[in-house]
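Read in order, the letters of the sequence shown are residues 2 to 846 in our numbering.
Ideal Cβ positions, reconstructed from N, Cα and C, are used throughout, including at glycine.
Given the structure is predicted, the values throughout are model-derived calculations rather than measurements.
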Amino acid sequence: MSDLNLSQIQTRLNELFVTYGERKLIFWFDPKKEFEEDIDNGQIVLNGAQIYKLAPDNQFETKRFFELEDKDNSYLIYAPFERMSDDDENNFLLSLLKYSGTFNADRISLIMTQLNIPAELHAVMETYAKFFGAKSRVASFEKMMTGEIKSREELEMTLMAVLTRANTAQFYSVIQALFVEYSADLSDSYDQLVRFDLAPAFWQYVAYYYGYTTTEPTIQSLVIAFFANTYFGQLGYQELPIGLKDYEVLDQTMAIVSFMDGVMNDSRYSEPIDRLSADIYRLINGDKLLDKAPIEELIDADVFEAIHSKIIEYYIAQLTNDDLTPLINGMSLEEIVVRKQRAHFGFRYEHQYQAILNAQKLLNSVTIFNMNRFSDLVKDYEDELYLIDQYYRKFTLHLDQIDEHANFASLQNVVEKHYKQFLDEIGRTWNELLSLDERPSVLDFYDNYAKSKTKTVVIISDALRYEIAKEIQQSVENEKKFSTKMTTIFSVLPSVTEFGKAASLRSGQESYEYLSGNDVHVNGLPTQGTKARDKVLKVKNPNALAITYSDVVDRSNAKELRDLFNGKEIIYLYHDQIDRTGDHGQEMQVFDAAERTVKELKAVIPYIANGANVQRFVITGDHGFIYTRSAIEEYEKIENPSNLENDRVERRFIISDHQYDEIGIKSMRLGTALRNNDQRYIHFSETSTIFKKAGGGQNYSHGGSSPQEMMIPVLEVNVARGSAQKEPVSVQLMTAKRKVVGLSISLEFYQTEAISDSITKAQYALYFEDKHGVRISNENTYYADSTAGASSERFTNFAFEFVNRNYETNEDIYLVIKNEETKVELDRVDFVIDNPFAGGFGFDI
């Protein structure tokens, strides 16, 4: 008798007839006659169907009955004998069989019926009967199915996918799952394949799809084969070296390379693949393999992390030895950097590649100055020479982000040497040709730029030198909403905060006087501090306002911001990241402060434009600065000639009643520099050298005469007028703060315009990603469809919940704003996690 009882059979049959719905015929062949007695005695009762017993010799009569006499009712056709062959010419029921169902009463057959697996796979199912012995595994199998199973391969793939907990019933997914488990020194999944008799099938598919065969296969040997064949395939080799011949795949190397490329570019597998790569590199003596590979062959390889180190070492050596334009396979350094940073391990070496690239650009740009006209020097600095300062800043900034950069020491020495030579040469030429009238003075800034018929926000960022403002300009111009214009003005001398900020307040014939210490007056009024500057502005315009950056970004909502700016015509917004860092014992972080400045000023412009309806901005500084990383040697210092008690002696200038005539020092009447009658003298170095003075803080300096210190940027930013062409409405993050603390955050967004004939509604996905592109928050959908004319009615708040995992301290994360229709990112906003979150994160395949 069958191991299934009559109740189970009857239940299953009734389910089949209910499922089939309208009139249906189902054949049940029972060659062992296990249920004939039950059928004859009426032990099986069906709902909505009758039972018809078929005899071997009444086929024709049966065919006639179902096709002519009873064409309406459903029947279970029970046959206590073997199913007739479809090729049997005496099989009169063939046409009935083709459009009828089939039922079998053994356990595997019932499962096959449940899963809609065709009868021809019954023998294969019997092979894996052990697997189907548990209801939980049957349920997992059914869940893994993506459609009807029609072949042995589809059946076995689904079985293996269930046992390995793969993502899909595809063989590459099974391999991925086994690799992930092996990377954690586990073998549970493969043990399950062995337990349920699927290991032989697994290795057959490995041979079929990837060409790897061996007498005693293991998951370790498979992993080695995949990594080794990928590495040598990327190098362009057709064979593996003798020591790795056992892992060689001759015909299907590209299938393995394709698999590895896919898994290495899938962020879900980053951690396990990285562990495997490191383990296999050690097992196959990867250092020895890399030493034998020419650099040209490594450019397209990325299966081992050490490949990047070798490429970086190559470029360090080339640049250190004055090979400034090394080509590999016809590609420039910049082209190779772009390619390698996009590779799997590339993100880990972003700072190394960028340091090398900026070093090369700097070394290719430094030049000997042979100019006779000051105007040419100023124009060249505005157009090109400023980039040398930017390259040096980027080189140093990226170098600081590398945990271990001893291998960069030789290149750093070369960069430092050439950059200091550049500073000395451009400083010497600058001061030989210096003409303070070549550009407008900061003393005329208020009249030339701040005073306007349009409400204007003037952002004065302390120590914002020209090259940093150029980066801000490029960043702002990437936003289609804004247009920009960059010009330069000259600072006063000395080029320090109290002089520069006071000068930008002066208008018309107002007096500008330096008293002593840090005390500078405009129109007879002190200018130290924001409140004092606010008073100076209000003398000229009662509707003026002086505030700090914090006064703006600390507003809790857009209404508070609008209230702050309401009725104001000129707003001076003081921002201080760079100078505050450089002047307060943190000079080594001054380039980090410059990066923060770029991000903060880029963000604050749309924040104010949208929140307070401001159309015009002017970004400027009070002075620039000079900074070099290497220690200041004695030969880079000038003896302090001051011998008067009342002299003001700083690193880059001296103010005195006496004129000191010393080699390497230039001087002029202070009144000439300040456009007043001050009879004192200002002295400054002719190059980038500093005056000897007790105390620290020698590397960051300002106050002297050089393009880096005196050429103040004036970046005008205007909100661009909308075009008549239809385009989707944009949305903008309004919340100014870019720090996330905790596992949730609420952010305010703004629909930039009302929906109109030219502006169409749009739908945006909002979510956070980490630096590897892994999503770390829930996704919100912003339906930007408001037709409200009042901007105050187009603000929306969204809450974001973050994945509970371990984050790095101050880890960079990104808010992604993506158009759901076009799949184009509207914006990617930089955030940082200020404090690491507690919690664990498991790799979930």
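Exercise. Do residue 830 and residue 734 have their C-beta atoms closer together than 8 Å?
Worked result: In contact: residue 830 and residue 734 (Cβ atoms closer than 8 Å).
Exercise. Can you tell me whether DSSP reads residue 781 as helix, strand or coil?
Worked result: strand
Exercise. If we ignore side chains and look at the alpha-carbon of each, how far apart do residue 347 and residue 159 end up?
Worked result: 35 Å
Problem set entry | Inter-residue Cα distance where the pair is residue 833 and residue 799 | 18 Å
Exercise. Is it right to say residue 592 is buried, meaning 16 or more other beta carbons lie within 10 angstroms of its own, or is it exposed?
Worked result: buried
Exercise. Going by the beta-carbon positions, is the gap between residue 671 and residue 656 smaller than 8 Å?
Worked result: The criterion of a C-beta distance shorter than 8 Å is satisfied by residue 671 and residue 656.
For this session: Give me the Cα-Cα distance between residue 95 and residue 178, rounded to the nearest whole angstrom.
Result: 45 Å
Exercise. If residue 718 and residue 618 are in contact, beta carbons under 8 Å, what's the gap, nearest whole angstrom?
Worked result: 4 Å
Exercise. Is residue 661 helix, strand or coil when you go by DSSP?
Worked result: The answer is coil: DSSP assigns residue 661 none of H, G, I, E or B.
Exercise. Hey, residue 489 and residue 713: beta-carbon distance below 8 Å or not?
Worked result: yes
Problem set entry | Between the CA atoms of residue 166 and residue 846 - distance to the nearest angstrom | Because the pLDDT at residue 846 is just 24, under 50, the model does not fix this residue reliably, and the value given afterwards should be weighed accordingly. Those two C-alpha atoms are separated by around 8 Å.
Exercise. Where does residue 516 land, buried or exposed, given buried means 16+ other C-beta within 10 angstroms?
Worked result: exposed
Problem set entry | Extent of the continuous alpha helix (DSSP H) run through residue 363 | 351-366
Exercise. Quick one: what's residue 831 bridged to in DSSP?
Worked result: 815
Exercise. Are the CB atoms of residue 225 and residue 284 nearer to each other than 8 Å?
Worked result: yes
For this session: Note down, in chain order, each residue of its chain lying with its Cβ closer than 6 Å to the Cβ of residue 357, except the 5 sequence neighbours on either side.
Result: 316
Exercise. So what's residue 604 in DSSP terms, helix, strand or just coil?
Worked result: In the structure shown, residue 604 falls within a helical segment according to DSSP collapsed to helix, strand and coil.
Problem set entry | Same chain, Cβ closer than 8 Å to residue 669, five either side skipped, listed in chain order | 494, 682, 683
For this session: Take residue 168 and list the residues in its own chain whose beta-carbon comes closer than 6 Å to its own, dropping the five residues that flank it on each side.
Result: 174
Problem set entry | Alpha carbon of residue 706 to alpha carbon of residue 484, nearest angstrom | Rounded to whole angstroms, residue 706 to residue 484 spans 32 Å at the Cα level.
Exercise. Residue 61: buried (16+ other C-beta within 10 angstroms of its C-beta) or exposed?
Worked result: exposed
For this session: Have a look at 614, 620, 692, 141 and flag the residue whose alpha-carbon is nearest the alpha-carbon of residue 456.
Result: 614
For this session: Tell me whether residue 248 sits in a helix, a strand or coil according to DSSP, three-state version.
Result: DSSP, read as helix, strand or coil, puts residue 248 in helix.
Exercise. Quick one, are the C-beta atoms of residue 375 and residue 462 less than 8 Å apart?
Worked result: no
Problem set entry | Simplified DSSP assignment, three categories, for residue 549 | strand
For this session: Name, in chain order, the residues that DSSP records as bridge partners for residue 575.
Result: 461, 549
Exercise. Three or more beta-carbon pairs under 8 Å between the stretch 358-365 and the stretch 382-395, yes or no?
Worked result: yes
For this session: Check whether the Cβ atoms of residue 353 and residue 313 lie closer than 8 Å to each other.
Result: Yes, Cβ-Cβ distance for residue 353 and residue 313 is below 8 Å.
Exercise. Can you give the Cα-Cα distance for residue 452 and residue 471, rounded to whole angstroms?
Worked result: Note on geometry: alpha-carbon atoms of residue 452 and residue 471 lie some 23 Å from one another.
For this session: With residue 514 as the anchor, note down where its alpha helix (DSSP H) starts and where it stops.
Result: Where residue 514 is concerned, there is no enclosing alpha helix (DSSP H), although the beta strand (DSSP E) it sits in stretches over 513-515.
For this session: Locate the alpha helix (DSSP H) running through residue 63, then write down its first and last residues.
Result: 60-65
Exercise. For residue 241, which residues of its own chain have a beta-carbon under 8 Å away from its beta-carbon, when the five flanking residues on both sides are left out?
Worked result: 229, 230, 233, 248, 249.
Problem set entry | Simplified DSSP assignment, three categories, for residue 771 | strand
Exercise. Taking the beta strand (DSSP E) that residue 484 falls in, what are its first and last residues?
Worked result: Here the beta strand (DSSP E) through residue 484 covers 483-491.
Exercise. Does the ligand FAD have even one heavy atom less than 7 Å from the beta-carbon of residue 472?
Worked result: The ligand FAD is absent from the structure shown, which contains no ligands of any kind.
For this session: Say whether the stretch 262-274 touches the stretch 215-222, bearing in mind that this needs 3 or more beta-carbon pairs closer than 8 Å, one atom from each stretch.
Result: no
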